[in-house]
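A.B. asks: Just so you know, the sequences run in chain order R and W. Residue numbering for the first sequence follows the numbering used here, starting at 1 and increasing by one per position. Residue numbering for the second sequence follows the numbering used here, starting at 1 and increasing by one per position.
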Amino acid sequence: MPSLPRIDARPRTKRLIGVTAALAASAFVLAGCSGGGNSSSTGGASASSITVGTTDKITTIDPAGSYDNGSFAVENQVYPFLMNTPYGSPDVKPDIAVSGTFTSPTEYTVKLKSGLKFANGDDLTSSDVKFSFDRVVSIADENGPSSLLGNLVSTAAPDPTTVVFTLKTPNDQTFPQVLSSPAGPIVDEQVFSATALTPDNDIVKGNAFAGQYTITSYDFNNTIQYKANPNYQGLLGAAKTPTVNVKYYAESANLKLDIQQNNIDVAFRSLSATDIADLSTNSKVKVVDGPGGEIRYIVFNFNTMPYGATATDADPAKALAVRQAVADLIDRQAIATQVYKDTYTPLYSYVPAGLTGATTVLKDMYGDGNGGPSLDKAKAALTAAGVTGPVTLDLQYVSEHYGPSSADEYALIKDQLESSGLFTVNLQTTDYVQYSKDRTNDVYPEYQLGWFPDYSDADNYLTPFFSADNFLANHYNNTTVQDEITKQVGETDPAARTAEIEDIQKQVAGDLSTIPYLQGAQVAVVGSNVNGAADTLDASFKFRYAALSKG
Amino acid sequence: MSSLISEAAPETAAESTTTFKKQRNGGGLGRYIIVRFLLIIPTIFILVTLVFFLMRLTGDPITAALGGRLNASQLHERIHAAGYDRPILVQYFEYLGQIATGNFGTSISDNRPITTILVTYGAATLELAFYALIVAFIVGIPLGLVAAYFRDKGQDAVLRVFAILCYATPVFFAGILLKLIFSVWLNVLPVAGRASTGSEFEMQDLPHTTGFYLIDAFQTGDPAVISDVLLHAVLPAVTLGLLTAGIFLRLVRTNVIGTLNTDYVDAARSRGVSEYRLVRKHAYKPALIPIITVIGLQIALLLSGAVLTESTFEWKGLGFQLAQYLGARDFVAVQGIVALLAVIVAITNFIVDVAAAIIDPRVRY
């Protein structure tokens, strides 16, 4: 009979079903034992440990191969720097150094503290410092920060506590800042390779750390466990919490849900504006913010903008009037509030608020003088230059590169400009890779860009944009500005340098080759019992876990 | 002539008999296995080639990362140093030569060897696929039997609609919906990840980790870690499992109904055997045979579904990594991961094809 073999197969089938059922049952029994979704093993339960969640991504924790926020966030916790920014300040001071001074115009000499050690017991001497900078330059990894050391000729270690940097440009006042940048972490020459990137696991295994924390457990872009380093003798002091666990998320929505349910203690970078607005009404968490280094701005191509140099009706005065009218009409506060729920703040100059030398020059010169828009001033600017009728602006933005709200941001800018009756705005968007090529090939008359600083110095918002060989390639060429930029870099008197930076902003504001309009805020969402976030959300733009405590 | 015919006739008859037997037996199993195995190579080759050229259409990773920071000449220098400005065919043949030696290269965005990435995250994807298959079996097969038992009645209609919903609902939508209900509203299951942070550290402390969290969790001997790992698996497994469960449900139902319409079942029915016993004793096993064949196809579906499921639940497996590397336009990593996924799918299909050929000789060449 055909059915007979099936009877033979039955016990096997039963066994299979039995095993499967047992597995499922054990899963649910165990699940029941655990007491719900808020597992007790999140790592954030005791006051001696804090769990931080982030959507940052690490490239590598070898400083020679990374030049991004996620990797630098780790490096800031575990590596020592010669210069660093104390809590609450944008300006650098010696960290594991005793002093840092120009001993000649092209020689910057750093004296190290004596008796410095890495967590693995190796001595930290000037030889390690020389090794650290030499390898960044020689490896020159395509993802690395070697470009920040463009002014460095050589590094010497004449004795165990002295380091001499020889520079190309005399009295480079940005160099101490560079020492606190992604190019500046000091690594252990006994552990790191001089000629190639060292794998992350080898670094962790070698315990080659001398910052406020060491790494005791490392699962790439998944979890990191930090333990306070008792050997750290630097500027920032001892860590307030012995253990910090960091969990890496890919989706900010998941980060938000976990902080909302107190599965983690701190959420830092990058919750959406809507999520932050929602969390600010949640009594279980606190939203803490501080100045951010990110800026958003519109770039004008001096050749192809209306009345630009290569247009048939080229007229520099009319082109300037168009830029002035745009500056008069943009309502920065409306963009910050309506689009970004105040997670961005209005930016009225080229150097963002919080940094030494920052001004509000655009507020004074354009709009209503108080930061608001002014239709009358815009009209007056255009009329004075002889511009009649609505001016057509082909405004380009990137929908996918600067966060999901760029479309809303530019829809509002279009509305602000068009509602004046002075402009007709054609909004266009392009994939970022194509965008990056097009904008330097004069394809876009006006376009959006954003900027994250390399270090917390005003120069990092001036040289890249307005020097002779700037990356904007928008044909803006003001030799007076260029000379002043060069001068402030070498100005040894801090007060005089600040004055020069302020003056550069004034001149650039007159030319309006770009219009900055938003400054990012650093926002951390913390559990109601977590303290210290406000101390580290400063103009250094470095989030130090060592400032956090619980209780 | 006659002698010629008489000499030739037996030979022809013998050949004819052999041919008939071959047709009846479905050809030789050895030849079938060799041909099927050799077909794996062009399958993987075509896929790797497609991915190579499609990824180049999206632009280079250096411009994607640094386009807003460097001027045109600096950008070009970096692109030149990385070799992305060379003719695409040169890059292609170089890549083929590289993978022919088993070297999948190093990720552009994080400098990790591709083989390390494959080993590190492959276990997570396999673990999720395993869980999903369990869910598919637990849900699809019994419900398929129930639908067949109640064929053309209300219960059957409900189950058929359920099956359609299961495989027609986008995986990410089902995932988000389940997360909303069980993680946010009811707060009984974790939001994302393969384990809580504390459990992960406990597992990382083991002398030998396997990457299969369930095995690693049992190695810790800590019931809290085991339950934590299982809890984290529930929503991703159900999300991905339901996709396949819907297909299993429909397949089992159709096959059981087909079997229930055969003569021998009619004969059994006429002897007074109850419908329940007919389903349980006569129709159950034949309905499972096509499931085995379909599993091969489902592996491909599970792996493609895993990309979305892993991304939704931050299940850090190959699918999750693939999505991340795609975002970074990391050619090398994407090519490596896709090649591995292609190998898994091709080998699974090969095994299933061979199993089917052993069970049913008619499919052989």
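Idealized CB from N, CA, C, for every residue including glycine. If you're wondering where the values come from, they're calculated on a predicted model, not measured in any experiment.
1) Can you check whether the C-beta of residue 94 of chain W is within less than 7 Å of a C-beta belonging to chain R?
2) Between which two residues does the beta strand (DSSP E) containing residue 32 of chain W stretch?
3) Could you check what DSSP says for residue 539 of chain R in three-state terms: helix, strand or coil?
4) Based on the DSSP secondary-structure assignment, which residues constitute the bridge partners of residue 531 of chain R?
5) Enumerated in chain order, which unbroken segments of the alpha helix (DSSP H) with a length of 4 residues or greater are wholly contained in the segment 239-315 of chain R?
6) With H, G and I counted as helix, E and B as strand and the rest as coil, what does DSSP make of residue 262 of chain W?
7) Contact defined as beta carbons within less than 8 Å: I believe residue 44 of chain W pairs with residue 333 of chain W. What is the distance between those atoms, to the nearest angstrom?
8) What residue does the beta strand (DSSP E) around residue 179 of chain W start on, and which one ends it?
9) Does any CB atom of chain R fall closer than 7 Å to the CB of residue 82 of chain W?
10) Which residues, taken in chain order from the segment 439-451 of chain R, show a beta carbon closer than 7 Å to some beta carbon of chain W?
11) If we ignore side chains and look at the alpha-carbon of each, how far apart do residue 523 of chain R and residue 250 of chain W end up?
12) Using a C-beta to C-beta distance shorter than 7 Å, which residues of chain W count as neighbours of residue 65 of chain R?
13) If contact means a Cβ-Cβ distance below 9 Å, which residues of the segment 458-481 of chain R contact chain W?
14) Name the chain R residues whose beta carbon is nearer than 7 Å to that of residue 184 of chain W?
15) Note down, in chain order, all residues in the segment 516-532 of chain R with a beta-carbon under 8 Å from any beta-carbon belonging to chain W.
16) Residues of chain W with CB under 8 Å from residue 433 of chain R, in chain order?
17) What residues match up with residue 228 of chain R in a beta bridge as DSSP calls it?
18) Mind listing the chain B neighbours of residue 222 of chain R? Cutoff is C-beta to C-beta under 8 Å, in chain order.
19) Put residue 514 of chain R into one of helix, strand or coil per three-state DSSP.
20) Let me make sure I understand the geometry here. Which of W:255, W:303 and W:301 has the alpha-carbon closest to that of residue 288 of chain W?
21) Per DSSP, what kind of secondary structure is residue 522 of chain R in: helix, strand or coil?
22) What are the boundary residues of the alpha helix (DSSP H) that residue 346 of chain W is part of?
23) Leaving out five residues on either side along the sequence, give the residues of the same chain with a beta carbon under 8 Å from the beta carbon of residue 93 of chain R.
24) Give the secondary structure of residue 544 of chain R by DSSP, where H, G and I count as helix, E and B as strand, and everything else as coil.
25) Exposed or buried, what is residue 305 of chain W when buried is set at 16 or more other beta-carbons lying within 10 Å of its beta-carbon?
26) List, from N- to C-terminal side, the alpha helix (DSSP H) runs of 4 residues or more that fit wholly inside the segment 66-149 of chain R.
27) Find the nearest neighbour of residue 460 of chain R within the set R:489, R:433, R:478 and R:445, judged by alpha-carbon distance.
28) How about residue 247 of chain R: is its C-beta nearer than 7 Å to some C-beta of chain W?
29) Could you tell me which chain R residues have their CB closer than 9 Å to the CB of residue 270 of chain W, listed as they occur along the chain?
30) Which runs of the alpha helix (DSSP H) at least 4 residues long sit entirely within the segment 207-288 of chain W? Give them in chain order.
31) Tell me, to the nearest whole angstrom, how far the beta carbon of residue 66 of chain R is from that of residue 55 of chain R; I am working on the premise that it is less than 8 Å.
32) Nearest to residue 133 of chain R by alpha carbon, out of R:350, R:71 and R:166?
33) Report the option in R:189, R:452 and R:407 whose CA atom is closest to the CA atom of residue 70 of chain W.
34) Alpha carbon to alpha carbon, what distance is there between residue 223 of chain W and residue 274 of chain W?
35) My guess is that residue 187 of chain R and residue 128 of chain R are in contact by the Cβ rule of under 8 Å, so how many angstroms apart are they, rounded?
36) Are any of the Cβ atoms in chain R nearer than 7 Å to that of residue 177 of chain W?
C.D. replies: The answer reads as follows:
1) Not an interface residue.
2) Per DSSP, residue 32 of chain W belongs to no beta strand (DSSP E); it is in the alpha helix (DSSP H), 29-57.
3) For residue 539 of chain R, the secondary structure class from DSSP, reduced to helix, strand or coil, is coil.
4) Among the bridge pairs identified by DSSP, residue 531 of chain R is matched with R:549.
5) Counting only runs that start and end inside the segment 239-315 of chain R, the alpha helix (DSSP H) elements of at least 4 residues fall at 252-260 and 273-279.
6) The DSSP-derived three-state label of residue 262 of chain W is coil.
7) So it is not a contact: roughly 17 Å between Cβ atoms.
8) That residue, residue 179 of chain W, is in no beta strand (DSSP E); it is neither H nor E in DSSP.
9) Interface residue, yes.
10) Near chain W, meaning a CB-to-CB distance below 7 Å, the residues of the segment 439-451 of chain R are 440, 449 and 450.
11) If I take the Cα positions, the gap works out to 50 Å.
12) The contact set of residue 65 of chain R on chain W, defined by CB atoms closer than 7 Å, consists of 111 in chain order.
13) Within the segment 458-481 of chain R, those residues whose Cβ lies closer than 9 Å to any Cβ of chain W are, in chain order, 464, 469, 470, 471, 472 and 473.
14) Under the 7 Å cutoff, chain R gives 257.
15) Answer in chain order: no residues at all.
16) What residue 433 of chain R touches in chain W: 58, 59, 60, 63, 64, 67 and 329.
17) Paired residues: R:213.
18) Checking the listed chains, one finds no chain B in this structure; the protein chains it contains are R and W.
19) Residue state, collapsed to three classes: strand.
20) Ranking the options by Cα distance to residue 288 of chain W, first place goes to W:255.
21) DSSP places residue 522 of chain R in strand when its eight states are reduced to three.
22) Looking at the DSSP string, the run of the alpha helix (DSSP H) that includes residue 346 of chain W is 331-359.
23) Correct list, in chain order: 83, 84, 85, 86 and 235.
24) In this structure, residue 544 of chain R counts as coil in the three-state DSSP scheme.
25) Burial call: buried.
26) The qualifying runs are 69-78 and 126-139.
27) Closest by alpha carbon: R:489.
28) Yes, its Cβ sits closer than 7 Å to a Cβ of chain W.
29) Among the residues of chain R, none has a CB under 9 Å from the CB of residue 270 of chain W; the nearest is roughly 14 Å distant.
30) Counting whole runs of 4 or more residues, the segment 207-288 of chain W contains the alpha helix (DSSP H) stretches 213-220, 223-260 and 263-270.
31) That pair is no contact at about 17 Å.
32) Of R:350, R:71 and R:166, the residue nearest in Cα terms is R:166.
33) Taking only the C-alpha atoms, the option nearest residue 70 of chain W is R:452.
34) Cα to Cα, the separation comes out at about 45 Å.
35) Indeed they touch by this definition, with Cβ atoms about 7 Å apart.
36) It does not; no Cβ of chain R falls within 7 Å.
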